[in-house]
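Chemist:
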Amino acid sequence: MSLALLRDLRQLWKQRYWRAAIILVAVAAVVVAAMGGFATAASKKGRPPVAQPGQRLTTGAFAITPLCAWTDDLRPGQPEIMRGQKRYLTLRARVENLGDDWLAMSAYLTEDVVRLDEGGDTGQRSNSMQRVDDHSFNVKLQPRLPVLLDLIWEQADGKPVPAEVPLGIYLRRHVERGYLAGDEFWVQNGAGFRLPMKLTAPCGDPAP
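Numbering-wise, the working numbering comes out as the position in the sequence shown, counting from 1, plus 1117.
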């Protein structure tokens, strides 16, 4: 970890709302690990429904509309000179924050949309998330403002990618006040949807 990052984290820790976000995201990660994977979480509430591309999926914290998924050896927004260095799986989705604040919501989203293994249990978080319009990684999900995002997974070298990639989406439950930080937050609330995405070409947003 760089000295600059440590300095930034110390500055964030001094601010009450960022301190709450750091604590709550850490707690959420522990809760996910304790749940034992997507399939285990699903078994506690019954098998989650299978969603389709273009379907608006409400999770409590978010409304997520998966649009398309594809693989390429260039991440969206990368210059052509970087082609071939790595291979990526990209999920493009329209996302709306259904909460009343933007705090920690981007971090929650990266925990809630996962790529599932062949057994449908282990969920892998995306390696990065970026806006579609300017390809920036500084994603702030303002309340009730839909935004088009790319969630990107790096592919293992030499591993073939199937024509259909299984994804999973978790639900979230709102908690009015947290014990550690004294602020409201969201906790994961079980597996919400299974999302088999057939690989296509990159797409735009069909919303008017």
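Beta carbons: idealized from backbone N, C-alpha and C, even for Gly.
(1) What are the boundary residues of the alpha helix (DSSP H) that includes ASP1229?
(2) What did DSSP end up calling GLU1271 once you bin it into helix, strand or coil?
(3) Work out the CA separation of GLY1285 and GLN1305 for me, nearest whole Å.
(4) Can the beta-carbon of ALA1178 be found less than 8 angstroms from the beta-carbon of LEU1215?
(5) Within the stretch 1154-1211, note down every full alpha helix (DSSP H) run reaching 4 residues or more, in order along the chain.
(6) Determine the contact status of VAL1249 and ASP1234, defining contact as a CB-CB distance below 8 angstroms.
(7) Out of SER1245, VAL1278, HIS1291, which has the shortest C-alpha to C-alpha gap to VAL1230?
(8) Can you grab the Cα-Cα spacing for the pair ALA1221 / GLN1272, in whole Å?
(9) What does DSSP give as the partner residue(s) for TRP1303 in the beta ladder?
(10) For LYS1257, which residues of its own chain have a beta-carbon under 6 angstroms away from its beta-carbon, when the five flanking residues on both sides are left out?
(11) If we count the other Cβ atoms within 10 Å of its Cβ and call it buried at 16 or more, is THR1175 buried or exposed?
(12) Using only CA atoms, which one of ARG1261, PHE1310, ARG1204 lies nearest to ARG1289?
(13) Where DSSP assigns a beta bridge to GLY1240, which residues make up the other side?
(14) Assign ALA1318 to one of three DSSP states: helix, strand, or coil.
(15) So what does SER1253 bridge to, in DSSP terms?
(16) With C-beta atoms as the reference, is PRO1166 less than 8 angstroms away from VAL1212?
(17) Using the C-alpha atoms, what's the distance from PHE1302 back to ARG1232?
(18) Are there 16 or more other CB atoms within 10 angstroms of the CB of GLN1259, so buried, or fewer, so exposed?
(19) Have a look at CYS1320, HIS1291, ARG1200 and flag the residue whose alpha-carbon is nearest the alpha-carbon of TYR1225.
(20) Whose C-beta lies closer than 8 angstroms to the C-beta of THR1317 among residues of the same chain, with five residues either side of it excluded?
(21) Using a threshold of 8 angstroms, state whether the C-beta atoms of PRO1183 and MET1314 are closer than that.
Modeler: This is what the structure gives:
(1) By one-based count along the sequence shown, residue 1229 stands at place 112. Counting along the chain, the alpha helix (DSSP H) containing ASP1229 begins and ends at 1222-1229.
(2) Taking the sequence shown and counting its residues from 1, the one referred to as residue 1271 is at position 154. Three-state DSSP puts GLU1271 in a strand.
(3) The count along the sequence shown starts at 1 and reaches residue 1305 at position 188. The count along the sequence shown starts at 1 and reaches residue 1285 at position 168. So the alpha carbons of these two residues sit roughly 13 angstroms apart.
(4) If you number the sequence shown from 1, residue 1178 lands on position 61. If you number the sequence shown from 1, residue 1215 lands on position 98. Going by C-beta atoms, ALA1178 is nearer than 8 angstroms to LEU1215.
(5) Segments of the alpha helix (DSSP H) lying fully in the stretch 1154-1211: 1155-1162.
(6) Counted from its first residue, the sequence shown places residue 1249 at position 132. Counted from its first residue, the sequence shown places residue 1234 at position 117. Not closer than 8 angstroms, so no.
(7) Numbered from its first residue, the sequence shown carries residue 1230 at position 113. Nearest C-alpha to VAL1230: SER1245.
(8) For the purposes of this step, residue 1221 is identified with residue 104 of the sequence shown, where counting begins at 1. For the purposes of this step, residue 1272 is identified with residue 155 of the sequence shown, where counting begins at 1. Their Cα atoms are separated by approximately 27 angstroms.
(9) The count along the sequence shown starts at 1 and reaches residue 1303 at position 186. Answer by DSSP bridge pairing, in chain order: HIS1291.
(10) In the sequence shown, counting from the first residue as 1, residue 1257 sits at position 140. Contacts found: TRP1219.
(11) What you label residue 1175 is simply residue 58 of the sequence shown in a count that begins at 1. That one is exposed.
(12) Translated into positions along the sequence shown, residue 1289 becomes position 172. Cα-wise, what sits closest to ARG1289 is PHE1310.
(13) On the sequence shown, residue 1240 is found 123 positions in, with the first residue counted as 1. Per DSSP, the beta bridge partners of GLY1240 are LEU1233.
(14) In the sequence shown, residue 1318 corresponds to position 201, counting from 1. Correct three-state label for ALA1318: coil.
(15) Counted from its first residue, the sequence shown places residue 1253 at position 136. Paired residue(s): none; SER1253 is not in a bridge.
(16) On the sequence shown, residue 1166 is found 49 positions in, with the first residue counted as 1. On the sequence shown, residue 1212 is found 95 positions in, with the first residue counted as 1. No; because the gap between Cβ atoms is not below 8 angstroms, this pair is not in contact.
(17) Looking up residue 1232 in the sequence shown gives position 115. Looking up residue 1302 in the sequence shown gives position 185. C-alpha separation (whole angstroms): 24 angstroms.
(18) As a working mapping, residue 1259 is identified with position 142 in the sequence shown. Exposed, because fewer than 16 other Cβ atoms sit within 10 Å of the Cβ of GLN1259.
(19) If you number the sequence shown from 1, residue 1225 lands on position 108. Restricting attention to CYS1320, HIS1291, ARG1200, the CA atom closest to the CA of TYR1225 is found in HIS1291.
(20) Start at 1 with the first residue of the sequence shown, and residue 1317 comes out as number 200. The residues are CYS1185, ALA1186, TRP1187.
(21) Here the question's residue 1183 lines up with position 66 in the sequence shown. Here the question's residue 1314 lines up with position 197 in the sequence shown. For PRO1183 and MET1314, yes; Cβs fall inside 8 angstroms.
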